[in-house]
Amino acid sequence: MYFPYLRGRQFELIAIRELVENELIGSKVIPIIEPIKPTSTLMKTINLIIEREQKIAVIHNPQVSTYLKALSNLSSSTLKDGLMNVYESENVIFSHILNKKSTAELAAIEEEHSKEDMLLILNDTEYINYYLNIFDDETPKFTLVPDESSYRRKIKNNRVLFMDRFTKQQRNADYYNLEDESYSEDHLYYNEDGYIGFSDYSIVGADFSESGFAPYAVVIHMVYFDNDRNLRIKHFVSESNDDINDPAGKFYEALEKLMEWQSEVKLDTFGMKEFAKHYTNGTYPGLGTVKKLSIMHHIELVNKFLEE
């Protein structure tokens, strides 16, 4: 089972929504959303997944944003009530990031949410003892942990392998000399290694920043399977990277490289087809959509592998 972990930016939410709308993921893929803003896009995404009877995990205590404060200050009571009540659906998995406040946070909701139905993220060894104390008599349905001995020794049941497999560079231009690299073997060996699933941050990576900036280079990240079914990733980088001017032209430079490679490998995914349309039509969808299509391509590929 695959748990793509996304931070709830608009392009990530739309990626999940369009995968579900186009029936490109099934029961073996459960997206995890760590919300960053209480938006209608978030609500629409969750509602669609409920409507299509898919599963989604939504984190109730995000650690990288002021989501909870923004939610409490929402002027729209309809949106506020909708987002606060998403866990009433059996298709939405109540999810929690272990932290120094977890004992109090989980005690406050224990009457509403069973520990055994919960998804837990445990990514800091400081909180292993919190886990052992809070879940001494009940095991969460899923517990995401890194592949490290400290966790393996103490977290025995329902473990999901959780790793950041994306090589984050300081600048997009830095991918120019990193055209092709290994991404992950987790889908091949997670079960053998004692996990019930695997999770990653797709082609975004764990680092988070709410502020954006105009890049000097445009890069398209695309994962693919090699002959041994390992996942690798290619980085297609623009050529004219001396300033921030003409992002559309930079995108087309990167896209030309992608399409040249696609003519050889012929990958059949929704995301790849959309890139091909932009190439044919000479259109520039914006950098958010570029990331959206790369995420969709990755998740669809993994879904196809799991469905085989």
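One point on numbering: in the numbering used here, the residue at position 174 of the sequence shown is 624, and numbering is uninterrupted.
Virtual Cβ for every residue (Gly too), placed ideally from N, Cα, C.
Exercise for the section: Could you name the residues of the same chain whose beta carbon sits closer than 8 Å to that of Leu-498, not counting the 5 residues immediately before and after it, in chain order? Expected result: Cβ within range, chain order: Arg-467, Val-470 and Glu-471.
Handout entry: the region 720-738 / the region 747-754 touching (three or more Cβ pairs under 8 Å)
Key = Output reads yes: the region 747-754 touches the region 720-738.
Problem - Nearest to Ala-623 (by Cα), restricted to the options Glu-689, Thr-495 and Asn-753 - result: Ranking Glu-689, Thr-495 and Asn-753 by Cα distance to Ala-623 puts Glu-689 first.
Practice task
Using the Cα positions of Pro-454 and Ile-482, report the straight-line distance between them to the nearest angstrom.
Solution key: For the pair Pro-454 and Ile-482, the Cα-to-Cα distance works out to about 6 Å.
Problem - Under the three-state DSSP convention, the category Lys-478 falls into - result: DSSP places Lys-478 in the coil class of the three-state scheme, outside both helix and strand.
Problem - Residues bridged to Ala-507 (per DSSP) - result: For Ala-507, the beta-bridge partners assigned by DSSP are Ile-482 and Ile-543.
Practice task
Helix, strand or coil for Tyr-537, going by three-state DSSP, please let me know.
Solution key: Tyr-537: helix per DSSP, three-state reduction.
Practice task
With distances taken Cα to Cα, identify the nearest neighbour of Gln-402 among Glu-484, Leu-474 and Ala-726.
Solution key: In the structure displayed, the chain extends from 451 to 758; residue 402 sits before or after that span and is not available.
Problem - Straight-line Cα distance separating Thr-593 from Leu-456 - result: About 16 Å.
Exercise for the section: Just confirm the distance between the C-beta atoms of Thr-759 and Ile-584, as a whole number of angstroms; I'd bet it's less than 8 Å. Expected result: Because the chain in this structure spans residues 451 to 758, residue 759 falls outside the shown range and cannot be described.
Practice task
Kindly list the residues whose CB is nearer than 7 Å to the CB of Gln-513, restricted to its own chain and excluding five residues on each side of it in sequence; keep chain order.
Solution key: Sequence-distant partners of Gln-513 (beyond 5 residues in either direction) whose C-beta falls short of 7 Å from its own C-beta, in its chain, are Ile-547 and Asn-549.
Practice task
List the DSSP bridge partners of Tyr-645.
Solution key: Looking at the DSSP assignment, Tyr-645 forms no beta bridge with any residue, so it has no partner.
Exercise for the section: Would you mind reading off the limits of the alpha helix (DSSP H) that contains Met-672? Expected result: Run containing Met-672: none in the alpha helix (DSSP H); it sits in the beta strand (DSSP E), 669-675.
Practice task
Identify which residue in Glu-757, Ser-564, Thr-733 and Met-568 has its Cα closest to the Cα of His-637.
Solution key: For the residues Glu-757, Ser-564, Thr-733 and Met-568, the minimum Cα distance to His-637 belongs to Glu-757.
Handout entry: CB of Leu-524 within 9 Å of CB of Leu-492, strictly
Key = Not in contact: Leu-524 and Leu-492 (Cβ atoms no closer than 9 Å).
Problem - Buried versus exposed, by CB contacts within 10 Å (16 or more), Lys-700 - result: Buried, since its Cβ has 16 or more Cβ neighbours within 10 Å.
Practice task
Could you name each continuous beta strand (DSSP E) segment of 3 residues or more that falls completely within the region 605-665, going from the start of the chain to the end?
Solution key: Counting only unbroken stretches of 3 or more residues, the beta strand (DSSP E) elements lying wholly within the region 605-665 are 609-612, 630-634 and 647-650, in sequence order.
Practice task
With DSSP collapsed to three states, give me the class of Val-752.
Solution key: Here Val-752 sits in helix by DSSP.
Practice task
Go ahead and label Asp-643 buried or exposed: buried means 16 or more other beta carbons lie within 10 angstroms of its beta carbon, across all protein chains shown.
Solution key: Flag for Asp-643 reads exposed.
Problem - Inter-residue Cα distance where the pair is Val-394 and Ala-558 - result: For residue 394 there is no data in the structure shown, the boundaries of the chain being 451 and 758.
Exercise for the section: Would you kindly check if the distance between the Cβ of Ala-667 and the Cβ of Arg-615 is under 9 Å? Expected result: The answer is no: Cβ separation not under 9 Å.
Exercise for the section: State whether the region 569-582 contacts the region 521-540, with contact taken as three or more CB pairs (one from each stretch) at a distance under 8 Å. Expected result: Segments in contact, no.
Problem - Continuous alpha helix (DSSP H) stretch holding Val-470: start and end - result: Residues 460-471.
Handout entry: Exposure label - Phe-663; buried when at least 16 CB within 10 Å
Key = Residue environment analysis places Phe-663 among the exposed positions, since fewer than 16 neighbouring C-beta atoms fall within 10 angstroms of its C-beta.
Handout entry: Terminal residues of the beta strand (DSSP E) in which Ile-571 lies
Key = First-last of the beta strand (DSSP E) with Ile-571: 569-571.
Practice task
Since I believe Leu-570 is in contact with Pro-596 (beta carbons under 8 Å), could you give me their beta-carbon distance rounded to a whole number of angstroms?
Solution key: Taking C-beta atoms under 8 Å as the contact rule, Pro-596 and Leu-570 fail to qualify, at a distance of about 13 Å.
Practice task
Might you give, ordered along the chain, the residues of its own chain that have their beta carbon closer than 7 Å to the beta carbon of Leu-529, omitting 5 neighbours on each side?
Solution key: Cβ within range, chain order: Pro-488, Ser-490 and Met-493.
Handout entry: Helix, strand or coil at Phe-585 [DSSP, three-state]
Key = Residue state, collapsed to three classes: coil.
Handout entry: Best match in Ser-713, Ser-477, Gln-619 and Ala-465 for proximity to Ala-656 [C-alpha to C-alpha]
Key = Ranking the options by Cα distance to Ala-656, first place goes to Gln-619.
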